[in-house]
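Student: Here full-length UniProt numbering is used: the first residue of the first sequence is 1, the next is one more, and so on.
We put the beta carbon where it would ideally sit given N, CA and C, even for glycine.
Note that this is a predicted model, so its numbers are computed, not measured.
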Amino acid sequence: MGRSPCCEKAHTNKGAWTKEEDERLIAYIRTHGEGCWRSLPKAAGLLRCGKSCRLRWINYLRPDLKRGNFTEEEDELIIKLHSLLGNKWSLIAGRLPGRTDNEIKNYWNTHIRRKLLSRGIDPTTHRPINEPSTTQKVTTISFAGGDHKTKDIEDQDYKMINVKAESGLSQVEDEINSSPFREQFPDLNLELRISPPSRQNYQQSHHVQDFKQSPTSMQQPIGQRQILKWSSDPRRISP
DNA sequence: AATCCCCGCAACCGCACAAAT
DNA sequence: GATTTGTGCGGTTGCGGGGAT
1 MGRSPCCEKA HTNKGAWTKE EDERLIAYIR THGEGCWRSL PKAAGLLRCG
51 KSCRLRWINY LRPDLKRGNF TEEEDELIIK LHSLLGNKWS LIAGRLPGRT
101 DNEIKNYWNT HIRRKLLSRG IDPTTHRPIN EPSTTQKVTT ISFAGGDHKT
151 KDIEDQDYKM INVKAESGLS QVEDEINSSP FREQFPDLNL ELRISPPSRQ
201 NYQQSHHVQD FKQSPTSMQQ PIGQRQILKW SSDPRRISP
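#1: Do you know whose CA, among Cys53, Thr31, Tyr28 and Ile29, lies nearest Gly15's CA?
#2: Residues in its own chain within less than 6 angstroms of His111 by CB, not counting five upstream and five downstream?
#3: Contact defined as beta carbons within less than 8 angstroms: I believe Trp57 pairs with Leu96. What is the distance between those atoms, to the nearest angstrom?
#4: Given a threshold of 16 other Cβ atoms within 10 Å of its Cβ, counted over all protein chains shown, does Arg99 qualify as buried or as exposed?
#5: According to DSSP, what are the bridge partners of Pro97?
#6: Could you tell me the alpha carbon to alpha carbon distance between Gly94 and Pro128, rounded to whole angstroms?
#7: To the nearest angstrom, report how far apart Phe143 and Glu73 are at their CA atoms.
#8: Please name the residue or residues paired with Pro63 in a DSSP beta bridge.
#9: Between which two residues does the alpha helix (DSSP H) holding Pro41 run?
#10: Is Trp89 near Ile79, with beta carbons less than 7 angstroms apart?
#11: For a quick check, are the C-beta atoms of Ala44 and Tyr60 less than 7 angstroms apart?
#12: Going by DSSP, name the residue or residues bridged to Ile121.
#13: Ignore the nearest five residues each way along the sequence and tell me which others in Leu77's own chain have a CB closer than 7 angstroms to its CB.
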C-alpha cells in the first residue's frame, strides 16, 4: 500500500523558519491549540508541511522549553537514562522537563559522547573501554560524588535488563524497583512515566484547552497519553 | 582580511504504528 | 481485513557561526 506524501512538496517552504512564520504558528496554536498538523499550515497561512510545523513548535517555539545550557544534573540523568533505555530520546526527554528529544539527541551526540569517552566509557554500552568482552559489567556513575562505580552483573541478568528496556518501560520499572538493582542504585529515580507538566501549565496559562480538532491523540496532552502503556514497538504507546 | 575547517544545532527524511474509514 | 490518514520517532543532513591558519 502506498503512502501519500505528508504535504504538497512543490508548494512548501523548507529550511530555516522566518520570524514571521514563527509568529504565525504561535498565534495559530495559541488560538486553536496543538493538533491536526496536516491541516494546520493551510489554516495558519503557512507554506510549510505539517510535520515541519509540528517539529518547529515542539523543538523550538513551545513556551515551556527551558533552552540554555544543560546542567550537570541533567547531563548525568541523561547518561543514566541512556544506559537503561538506549537511544529512546523521547523517553529520556520525558524525564527532563523543558527539554526535547531532538535537543537531547543533539546534546548527546555533541557533548555527552565525548564526555563519556574522556572518562573511558563506551557511550554505546556504558561499559569501560578496553574491557574484556567476556566479562559483563555495567558501569554507572555515582553522580553525587562524581566517582565511578563498576558493578559486576551476570551476563544473563544484564541482557535480561536490556531486553526489558527494549520491550516495555513498565517492565523496566519493575526490574529496577525490585532488589537487588534498586539496592545497587538507590539514588536512581526511574519512575519513567512521561509527563510534561510544563505543557499542562502552558495550556492553563494560555487557555488552550478547547481542542477543536478531535482525533483522540489531540484530546489528551502527550504526556498523559504516554503514561498509559507500551505497544510492541517501544516507541508506540496506545491507550 | 580572507579562507578554511570544525562543530553545534535546527530541520528534514523515512519509517512504523494506531486509529479511522 | 484491507487501506488510508495522521502522528511521532530516530537517524541523518546541511547551514551558519566561530576559531584557526
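Tutor: Answer, in terms of the structure:
#1: Cys53
#2: Counting only Cβ-Cβ distances below 6 angstroms, and skipping sequence neighbours, we find nothing.
#3: That belief does not hold up - the Cβ atoms of Trp57 and Leu96 are roughly 18 angstroms apart, past 8 angstroms.
#4: buried
#5: Per DSSP, none; premise fails for Pro97.
#6: 27 angstroms
#7: With a pLDDT of 33 at Phe143, under the threshold of 50, the predicted position of this residue should be treated as unreliable, and no value is reported.
#8: Paired residue(s): none; Pro63 is not in a bridge.
#9: Leu40 to Ala44
#10: no
#11: Note that the C-beta distance between Ala44 and Tyr60 is not below 7 angstroms.
#12: Pro128
#13: Arg95 and Leu96
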